[in-house]
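Enquirer: Provided herewith is a single structure, encoded as structure tokens, for subsequent inquiry.
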Amino acid sequence: MSKHSKQLANADIGVDQEAPVPEALINTIGQRHKFSVKVTEHNLSGKTRALTVTEILPLDTPTKTETSE
1 MSKHSKQLAN ADIGVDQEAP VPEALINTIG QRHKFSVKVT EHNLSGKTRA
51 LTVTEILPLD TPTKTETSE
């Protein structure tokens, strides 16, 4: 069973509350995208549940990983 992005976005905040889904995100439904995402220690600790997309890449871009010490 498939779900709409609005259902997925609101899955963990309760029945009585809804978070708006940006029009730009709605317009990407059914499309494929490749993102560059920066993950820091902040993203891996506590209750943080957000990532920052730093770049939208063409699908044929080779995968690159970076680590920092």
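Numbering (the UniProt record's numbering), first residue to last: 1 to 69. Each residue gets a CB set at the ideal place from its N, CA and C atoms; glycine is no exception.
Going by DSSP, what residue range makes up the beta strand (DSSP E) through LEU57?
Expert: Within the sequence shown, numbered from 1, the residue matching residue 57 stands at position 57. Element bounds for LEU57: 52 to 57.
Enquirer: Would you mind working out which of PRO62, THR63, ILE56, LYS64 sits nearest HIS33, comparing C-alpha positions?
Expert: Counting from one through the sequence shown, the residue named residue 33 turns up at place 33. Residue ILE56 is the option with its Cα nearest to HIS33.
Enquirer: Enumerate in chain order the residues of its own chain whose CB-to-CB distance from VAL37 is below 8 Å, with the five nearest sequence positions on each side excluded.
Expert: Residue mapping note: residue 37 aligns to position 37 of the sequence shown, counting from 1. Excluding residues within five positions, the ones whose Cβ falls inside 8 Å are LEU51, THR52, VAL53, THR54.
Enquirer: The beta strand (DSSP E) spanning LYS34 covers which residue range?
Expert: For the purposes of this step, residue 34 is taken as the residue at position 34 of the sequence shown. Counting along the chain, the beta strand (DSSP E) containing LYS34 begins and ends at 34 to 38.
Enquirer: Please classify ILE29: does DSSP put it in a helix, a strand, or coil?
Expert: Within the sequence shown, the letter at position 29 stands for residue 29. In the structure shown, ILE29 sits in coil (DSSP, three-state: anything other than H, G, I, E or B).
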